[in-house]
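Chemist: As given, the protein sequences belong to chains A and B, one line each in that order. Residues 161 to 474, numbered by the numbering used here, are exactly what the first sequence covers, in order. Residues 1218 to 1396, numbered by the numbering used here, are exactly what the second sequence covers, in order.
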Amino acid sequence: MNIDIRVAGTGEDLQKRLRLASGLLLAHKIRSTVRDWDGTRCDCVVVTGDDLFGQRVRAYAALKQIPVLTITRANDTFDSATNTIGDGAPLNLYVRAFLAILQAGDALSRARAPVPSGEDRIGLLALSRALADREGDLLAMVDGIEVHILQSSGLVAARSQQDLEQAKDQLGSPGWQFRDSDGKPCDSCYFESLDIFMIRAGIRYGGMLPAFPVAEYRLGCWPDLGTAPDLVDPLRIASLVAKGHRSLDELAGLTGIDQSQVSGILWGFRAASLLVPEGRRDTLAGRPESKARMPYANVFQKLASRFGLFQKSW
Amino acid sequence: MMENPDSAAVKLVIAGPVGAGKTTTIRSLSETEPLSTEMPMTEAAMGDKTTTTVAFDFSTVMLDEEVPLFIYGLPGQSRFQHMWPIILEGAFGVVLVLDARDEVLEGTCQEWLGVLDEIVPGLPVVIGVTKTDTLEAPSLRSLRSALASKGIVLPVFTFDARNREQANHVIRALLATMA
């Protein structure tokens, strides 16, 4: 299960401790991410008690019934009655605090409950599943936002750029709903490339997603990344998958990219319908033996260096 | 790949129909003003296009202090087809530039791919589609589906030929197919 923890008004050192503590939740089979508070729903928000911004966030979270853990300078203990913890408390107390708060906030039991038809999965996974079941266009809805997933034209569309940005923020959260779309978004919609939208989501939420079963798929289409020159690593992953590399270990090892990011990129490919199940024979017909003069290895290195093939994407 | 003991020049070809954006792409990729053989069009101008390349464009990009990359624009007019094998000889790859406004884009694409494959079988190709900003909701899905149905899986990028970063990214995609 995946837990979304946000932080508000905390310094860098404290954020590091919180990340370490959230990592220790893995021992309880809980995966979590720690991100800056952005006003959207989450499983727990951590605030600093004596910080004005932290106090405002705490008040807002109380209105929205979002569990809050407040960090104080008072002592190094955890008080479950007030959900406060000292900033010098050891990591295991932070873990205990998270567990107590999440249990009280019902996040854990909700996460353990049976998942009906993908509704409680995180957005990108649910979207990927919904698109896999359809060939046509899809209307995806979350928190009052509507996003048209136009598979037929390779685009996503929303009423405004702001709506699309908010939708991106929700792709790591549950609560998405879907229905078939008639393929007619609003008159003055804001459009983006479907491939880039999904791949960026995969990169962003890669750490929250299960390991992608790369052995079960092959590349059906290369991603269209023409208008995203910063996305170099997805190009490299596509190349290796096209050549038949079939494990996350291998892909991570060959590219130097973290395995969770490789997995996230592949989830993005999957959501953009760029992958086809292994075993389908209607793609990747053999090409004739190349009579092109391939560049020498050192020349290829120079080409790759000049055009930034091995530069880090993000 | 073999180790090259000498600094041999490297050749890249930009191909595609008239007006697709080959000259603009080469200009974006180049570090210096490309050598161009543009002349005013004698036939009616095609929108903003009032000149046409009458032979081929040529430019150089230095990969390092010693090794130049020669970029050739393949002239799109059919009367220059006899030059195509000469220009393509020795190229490590081709960027096929197509115009999104082409009403028969899929047919144009398949025709060009067929010709390129006939001249140099298996030559690495990447497709760059320009002028998608002129369409209300541009889509390459049907092009990619048509290619995939024939077992052709290669990068198809929308890009702005005037944008250096995007033009470079198309080259990166070509190199990624060869890595």
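Where a beta carbon is used, it is the ideal one built from N, C-alpha and C, also for glycine.
At a CB-CB cut-off below 7 Å, which residues of chain A make contact with Phe1374(B)?
Modeler: Chain A residues near Phe1374(B): Asp384, Leu385, Gly386.
Chemist: For the stretch 1281-1306 of chain B, enumerate the residues whose C-beta is nearer than 8 Å to any C-beta of chain A, in chain order.
Modeler: Under the 8 Å Cβ criterion, the stretch 1281-1306 of chain B contributes Asp1281, Val1284, Leu1286.
Chemist: What does the alpha-carbon distance come out to for the pair Trp1301(B) and Leu284(A)?
Modeler: Answer to the nearest angstrom: the Cα atoms are 46 Å apart.
Chemist: Tyr1313(B) versus chain A: which residues are under 8 Å apart at the beta carbon?
Modeler: According to the sequence displayed, residue 1313(B) carries Leu and not Tyr. Chain A residues near Leu1313(B): none, gap ~13 Å exceeds 8 Å.
Chemist: Using three-state DSSP, classify Phe213(A) as helix, strand or coil.
Modeler: Note: Phe213(A) maps to helix in three-state DSSP.
Chemist: Looking at chain A, which residues of the stretch 1312-1345 of chain B have a Cβ within less than 8 Å of any of its Cβ atoms?
Modeler: For the stretch 1312-1345 of chain B, which is checked against every Cβ of chain A, the residues closer than 8 Å are Asp1334, Val1337, Pro1338, Gly1339, Leu1340, Pro1341, Gly1345.
Chemist: If contact is defined by three or more beta carbon pairs under 8 Å, each pair taking one atom from either stretch, is the stretch 372-379 of chain A in contact with the stretch 394-405 of chain A?
Modeler: In short, these stretches touch, since the Cβ pair count reaches three.
Chemist: Just to confirm, does Gln337(A) get its C-beta within under 7 Å of one of the non-hydrogen atoms of the ligand HEM?
Modeler: The ligand HEM is not part of this structure, which contains no ligands at all.
Chemist: Since Ala1393(B) and Ala398(A) are thought to touch, with beta carbons under 8 Å apart, how far apart are those beta carbons, to the nearest angstrom?
Modeler: So it is a contact: roughly 7 Å between Cβ atoms.
Chemist: For Met301(A) and Trp336(A), what's the separation of their Cα atoms in angstroms?
Modeler: Cα to Cα, Met301(A) sits roughly 6 Å from Trp336(A).
Chemist: If you compare alpha carbons, which of Ala1396(B), Thr1277(B), Ala1232(B) is closest to Glu1250(B)?
Modeler: Closest by alpha carbon: Thr1277(B).
Chemist: Using a C-beta cutoff of 8 Å, does Leu1357(B) count as contacting chain A?
Modeler: Interface residue, yes.
Chemist: Measuring straight from C-alpha to C-alpha, what distance separates Glu1328(B) and Gln175(A)?
Modeler: Their backbone Cα atoms lie some 57 Å apart in a straight line.
Chemist: Give the range of the alpha helix (DSSP H) segment to which Glu1323(B) is assigned.
Modeler: From DSSP, the alpha helix (DSSP H) with Glu1323(B) extends over 1322-1336.
Chemist: In whole angstroms, what is the alpha-carbon distance linking Thr1375(B) and Leu391(A)?
Modeler: The straight-line gap from Cα to Cα measures roughly 14 Å.
Chemist: In the stretch 1375-1392 of chain B, which residues sit with their C-beta less than 7 Å from some C-beta in chain A, listed in chain order?
Modeler: Within the stretch 1375-1392 of chain B, the residues whose Cβ lies closer than 7 Å to some Cβ of chain A are Thr1375, Phe1376, Glu1382, Gln1383, Asn1385, His1386, Val1387, Ile1388, Arg1389, Ala1390, Leu1392, listed in chain order.
Chemist: Starting from Ala388(A), follow the beta strand (DSSP E) in both directions and report where the run begins and ends.
Modeler: Premise fails: Ala388(A) is in no beta strand (DSSP E) and is neither H nor E.
Chemist: Taking the CB atoms as reference points, tell me whether Gly169(A) and Asp211(A) lie closer together than 8 Å.
Modeler: Going by C-beta atoms, Gly169(A) is nearer than 8 Å to Asp211(A).
Chemist: Do Ser1247(B) and Ile1304(B) have their C-beta atoms within less than 8 Å of each other?
Modeler: Their beta carbons are not under 8 Å apart, which means Ser1247(B) does not touch Ile1304(B) by this criterion.
Chemist: Kindly list, in the order they appear in chain A, the residues whose Cβ is closer than 7 Å to that of Thr1394(B).
Modeler: Chain A residues near Thr1394(B): Ser399.
Chemist: Please say whether Ile425(A) and Gly468(A) have beta carbons closer to each other than 8 Å?
Modeler: No.
Chemist: Just the C-alpha distance for Ile231(A) and His308(A), rounded to the nearest angstrom, thanks.
Modeler: If I take the Cα positions, the gap works out to 41 Å.
Chemist: Could you please give me the residues that DSSP links to Tyr350(A) through a beta bridge?
Modeler: Paired residues: Ala318(A).
Chemist: Is DSSP giving Pro1285(B) helix, strand or coil here?
Modeler: Strand, per DSSP.
Chemist: Buried or exposed: Ala273(A), going by 16 or more other Cβ atoms within 10 Å of its Cβ?
Modeler: Residue confidence for Ala273(A) is low, a pLDDT of 40 falling below 50, so the modelled location carries little weight and cannot support an answer.
Chemist: Please report the straight-line C-alpha distance between Gly428(A) and Asn458(A), rounded to a whole angstrom.
Modeler: Distance between the alpha carbons of Gly428(A) and Asn458(A) is about 33 Å.
Chemist: Does Thr230(A) come out as helix, strand or coil in the three-state DSSP assignment?
Modeler: Strand at Thr230(A).
Chemist: Can you round the beta-carbon distance between Thr1240(B) and Gly1290(B) to whole angstroms, since I take them to be within the 8 Å contact cut?
Modeler: Contact flag correct, Cβ pair sits at about 6 Å.
Chemist: Which one of Met368(A), Gly413(A), Pro394(A) has the shortest CA to CA distance from Gly183(A)?
Modeler: Comparing Cα-Cα distances from Gly183(A) to each of Met368(A), Gly413(A), Pro394(A), the minimum goes to Met368(A).
Chemist: Is it the case that the Cβ atoms of Ile417(A) and Asp393(A) are separated by a distance below 8 Å?
Modeler: Taking 8 Å as the Cβ cut-off, Ile417(A) and Asp393(A) qualify as a contacting pair.
Chemist: Looking at the unbroken beta strand (DSSP E) that takes in Phe378(A), where does it start and where does it end?
Modeler: The question names Phe, yet the displayed sequence has Arg at residue 378(A). Element bounds for Arg378(A): 377-379.
Chemist: Out of Leu1340(B), Phe1297(B), Glu1323(B), which has the shortest C-alpha to C-alpha gap to Val1311(B)?
Modeler: Checking every option, the nearest Cα to that of Val1311(B) belongs to Leu1340(B).
Chemist: To which residues of the same chain is Phe213(A) closer than 7 Å at the C-beta, ignoring the five residues directly before and after it?
Modeler: Excluding residues within five positions, the ones whose Cβ falls inside 7 Å are Ala168, Gly169.
Chemist: Taking the alpha-carbon positions, what's the Ala234(A) to Thr208(A) distance?
Modeler: Their Cα atoms are separated by approximately 12 Å.
Chemist: Spatial neighbours of Tyr254(A) within its chain, please: C-beta separation below 6 Å, excluding the five flanking residues on both sides.
Modeler: Same-chain partners within the cutoff: Ala181.
Chemist: When you compare only the Cα positions, how much space is there between Ile200(A) and Gly1345(B)?
Modeler: Before going further, note that residue 200(A) is Thr rather than Ile in the sequence given. C-alpha separation (whole angstroms): 39 Å.
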